[in-house]
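Chemist: In this note's numbering, the protein residues as written are 2 to 119.
In this text, a Cβ means the ideal position worked out from N, Cα and C, and glycines have one as well.
Right, I'll just put the structure down here and ask away after.
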């Protein structure tokens, strides 16, 4: 269970993500907290074919990834499945990831974010 909550734990513990009130028609929704993840966000869905490899790389800005469908294997042998989200700060190196079946990933990052081989 902890693995699925990694992104939630990271975002809500990190004070650098601004907290704002959740409102409907100007009224605050009691018992809710919202965090701003990115402003001027670029959102994309990336499809990786079964058998492909995401090389070891890093991004020049923070990146949020959510596996929508599929299965990935990390260098440590851990399998990531649909429903798992991840947050990486800019400059963090990760990969290679092996794509075990056709996989779709939702990527959220600031506009203009670039990836570089590590």
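(1) Which runs of the beta strand (DSSP E), 3 residues or longer, sit entirely within the region 20 to 81?
(2) Tell me which residues share the same chain as residue 96 and place their Cβ nearer than 6 Å to its Cβ, disregarding the 5 neighbours each side in the sequence.
(3) Relative to the ligand GTP, is the shortest distance from any of its heavy atoms to the C-beta of residue 64 smaller than 7 Å?
(4) If you reduce the DSSP assignment to three classes, tell me which class residue 114 lands in.
(5) Determine the closest residue to residue 99 out of 42, 73, 37, 12, with distance taken between C-alpha atoms.
(6) Is it the case that the region 101 to 117 contacts the region 39 to 48, given that we only count it when at least three CB pairs across the two stretches are under 8 Å?
(7) Is it right to say residue 34 is buried, meaning 16 or more other beta carbons lie within 10 angstroms of its own, or is it exposed?
(8) Return the bridge partner residues of residue 102 from the DSSP annotation.
(9) Do the CB positions of residue 48 and residue 103 come within less than 8 Å of each other?
Modeler: A quick look at the data gives this:
(1) 42 to 49, 58 to 60, 64 to 74
(2) 55, 56, 57, 58
(3) No copy of the ligand GTP appears in this structure; indeed no ligand is present at all.
(4) coil
(5) Of 42, 73, 37, 12, the residue nearest in Cα terms is 73.
(6) yes
(7) exposed
(8) DSSP, once it has assigned bridges, lists 72 as partnering residue 102.
(9) yes
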